[in-house]
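One structure is given here, and the rest of the page talks about it.
There are 2 protein chains.
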Amino acid sequence: MATAPSQRARVRRAPARADYERATIDAILDEALVAHLGFVIDGQPYVIPTLHARIGDDVYLHGAASSRMVTMLGAGIPACLTVTLVDGLVLARSAFHHSMNYRSAVVLGHARYVEGPQERAAALEAFTDRLIPGRWEEVRPPTRQELKGTRVLAMSLTEASAKVRTGDPVDDADDYALDVWAGTVPLTVEPGVPVPDARLRDGIAPSAAVTDWAAGAARLQTKRNA
Amino acid sequence: MATAPSQRARVRRAPARADYERATIDAILDEALVAHLGFVIDGQPYVIPTLHARIGDDVYLHGAASSRMVTMLGAGIPACLTVTLVDGLVLARSAFHHSMNYRSAVVLGHARYVEGPQERAAALEAFTDRLIPGRWEEVRPPTRQELKGTRVLAMSLTEASAKVRTGDPVDDADDYALDVWAGTVPLTVEPGVPVPDARLRDGIAPSAAVTDWAAGAARLQTKRNA
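Those sequence lines, one after another, are chains A and B. Quick note on numbering: the numbering used here labels position 74 of the first sequence as 74, and the sequence is numbered without any gaps. Quick note on numbering: the numbering used here labels position 53 of the second sequence as 53, and the sequence is numbered without any gaps.
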């Protein structure tokens, strides 16, 4: 079992749920559709939802070159990127022991601008393909102008932690005798049927990448739910 | 259309998606199962997932009285509470215009300890009943000792904003002629079948509150998906 990479990255509440293994952290980052990015301006923290994509030892972010968040992060201010997957409600016999099953990952540090063309291109492709694998190849690639207006940022995973709760409620010994139903209600994110754009030209069906993803995601969720 | 309650609460990116109406903000806070709470210690922002519950003009949080997060927040340090609902993937004809449909709410300010017994009791009940309405009445109420170990905090909604993206991709004019499928893939959070605790006594079925919630949530999602 890996230990906390730094004192400040150590999980403080319920440390038995902490997991510092990169495999755990990577899997949570890769499954989460959205990250919450924290940064500080004039002493006020801001937490903004944003798309992320992990490649190797970095998690990538992107945004308009003119964005305040992007320019502040690119200047190297301290940041925290957190993702959370809610896996279920945990219904205990007492109000106090109600909880949730979840998997979260927290990355501390700061971001750097990604300037190298190869790393930049890989990150841009990952933002699209991590949602729908194969989508990048189907769509119009970025123009020079679009590339110019977009900044890519990277945060290293050197100071990261995960926290995971699974399984049944944990009730007080006496409460197991109560006449109260206890257990968990699984929660999963499910894709619906793809909805064509109102302006889609006639005769264009969803690609295999899109339908495979929607079906595959549904199968995955059904399996996890079982 | 309401305007931003403060300069710092103004939505900066894609301001056309901003919504400062309390009805919008409240609905997003009430639907989200988890909040991401941002605060700063020694210049480092931390973003921690936590359960929240809104009552009227406040959003409530709770935690162990011994928790660093709780004691720092109770001391009045600046905070930011953000919730995000991911409603779907937005698949454009160009990589650049890929996006997500989402609803997010951001609350800036600071927290205060809730000391009044009535407000405290209402908040504790809300943490349970906002997940499964009626659950509070079914379970063992908190003991004096449990209450002593739990602090409740409140953040006012006076400095809050919402941001909402809905609908089709927005492609560049020329791209509508491309041979690329475009549209959205809805995403919904679905409850599964309740799973009994391994230590559940024989003959205890899930209560109506639990089964109604699981079925009702599923119906709601099906409706939204349609």
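For glycine and all other residues, C-beta sits at the position ideal for the given N, C-alpha and C. Just so it is clear, the structure is predicted and the values come from calculations on it, not from any experiment.
For the candidate residues the options, whose alpha-carbon lies nearest to that of residue i?
i, options, result
"Arg-165/B", "Ala-177/B, Asp-175/B and Thr-184/B", "Thr-184/B"
"Val-86/A", "Ala-162/B, Arg-10/B, Thr-50/B and Phe-39/B", "Thr-50/B"
"Pro-5/A", "Gly-109/A, Ser-207/A and Gly-43/A", "Gly-109/A"
"Thr-143/B", "Ile-25/A, Phe-96/A and Ala-65/A", "Phe-96/A"
"Gly-74/B", "Leu-153/B, Tyr-46/B and Ala-64/B", "Leu-153/B"
"Tyr-159/B", "Arg-13/B, Ile-25/B and Ala-14/B", "At residue 159/B the sequence reads Glu, which differs from the Tyr that was named. Checking every option, the nearest Cα to that of Glu-159/B belongs to Ile-25/B."
"Arg-103/A", "Ala-18/A, Gly-116/A and Ser-67/A", "Ala-18/A"
"Leu-124/B", "Ala-105/B, Thr-150/B, Ala-111/B and Asp-42/B", "Thr-150/B"
"Leu-227/B", "Pro-196/B, Asp-175/B, Ala-111/B and Gly-203/B", "Within the shown structure, residues of chain B are numbered from 1 to 226, placing residue 227/B beyond reach of any answer."
"Gly-63/B", "Asn-101/B, Leu-29/B and Ile-48/B", "Ile-48/B"
"Leu-37/B", "Ala-215/B, His-52/B and Ala-23/B", "His-52/B"
"Arg-93/B", "Trp-213/A, Pro-206/A and Thr-211/A", "Pro-206/A"
"Asp-175/B", "Pro-78/A, Leu-200/A, Val-106/A and Ile-132/A", "Leu-200/A"
"Ala-79/B", "Glu-119/B, Ala-9/B, Arg-120/B and Pro-169/B", "Ala-9/B"
"Asp-172/B", "Arg-140/A, Pro-15/A and Thr-128/A", "Arg-140/A"
"Ser-156/B", "Trp-181/B, Leu-29/B and Trp-213/B", "Leu-29/B"
"Gly-167/B", "Val-195/B, Asp-202/B and Gly-88/B", "Gly-88/B"
Is any beta-carbon of chain B found at less than 8 Å from that of residue i?
i, result
"Asp-197/A", "yes"
"Thr-184/A", "yes"
"Gly-38/A", "yes"
"Asp-19/A", "no"
"Gly-76/A", "no"
"Glu-138/A", "yes"
"Ile-204/A", "yes"
"Gly-43/A", "yes"
"Glu-31/A", "no"
"Val-27/A", "Reading the sequence as shown, one finds Ala at residue 27/A and not Val. False, the Cβ-Cβ gap to chain B never drops below 8 Å."
"Ser-207/A", "yes"
"Leu-73/A", "no"
"Arg-10/A", "no"
"Ser-6/A", "no"
Would you list the one or two residues that DSSP bridges to residue i?
i, result
"Arg-165/A", "Tyr-102/A"
"Ala-53/B", "Tyr-60/B"
"Val-280/B", "Nothing can be reported for residue 280/B, as the shown portion of chain B is limited to 1 through 226."
"Pro-196/A", "Gly-183/B"
"Val-86/B", "Tyr-102/B"
Grouping DSSP H, G and I as helix and E and B as strand, with all else coil, what is residue i?
i, result
"Tyr-113/B", "strand"
"Leu-91/B", "strand"
"His-74/B", "Reading the sequence as shown, one finds Gly at residue 74/B and not His. Helix, per DSSP."
"Leu-81/B", "strand"
"Ala-173/A", "helix"
"Leu-108/A", "strand"
"Ala-160/A", "strand"
"Phe-96/B", "coil"
"Thr-128/A", "helix"
"Leu-147/A", "helix"
"Asp-202/A", "coil"
"Thr-211/A", "helix"
"Ala-2/B", "coil"
Tell me the residue span of the alpha helix (DSSP H) that contains residue i.
i, result
"Glu-24/A", "Residue identity check: residue 24/A is Thr in the sequence provided, not Glu. That run of the alpha helix (DSSP H) goes 22-31."
"Arg-135/B", "135-138"
"Val-34/A", "That residue, Val-34/A, is in no alpha helix (DSSP H); it is neither H nor E in DSSP."
"Arg-13/A", "Looking at the DSSP string, Arg-13/A is not in any alpha helix (DSSP H), and its letter there is neither H nor E."
Nearest chain A C-beta to residue i closer than 8 Å, yes or no?
i, result
"Leu-153/B", "no"
"Glu-190/B", "yes"
"Val-164/B", "no"
"Gly-116/B", "no"
"Asn-225/B", "With a pLDDT of only 46 at Asn-225/B, under the threshold of 50, the placement of this residue in the model should not be trusted; the figure read from the coordinates follows. By this cut-off, Asn-225/B is an interface position."
"Ser-67/B", "yes"
"His-98/B", "yes"
"Pro-106/B", "A quick correction: the sequence has Val, not Pro, at residue 106/B. By this cut-off, Val-106/B is an interface position."
"Tyr-46/B", "yes"
"Leu-124/B", "yes"
"Pro-194/B", "yes"
"Ser-161/B", "no"
"Pro-49/B", "yes"
"Val-34/B", "yes"
"Ser-156/B", "no"
List the endpoints of the continuous beta strand (DSSP E) containing residue i.
i, result
"Val-59/A", "58-64"
"Gly-183/A", "183-191"
"Arg-151/B", "150-156"
For residue i and chain C, any beta-carbon pair shorter than 8 Å?
i, result
"Pro-141/B", "The chain labelled as chain C is not found among the protein chains of the depicted structure, namely A and B."
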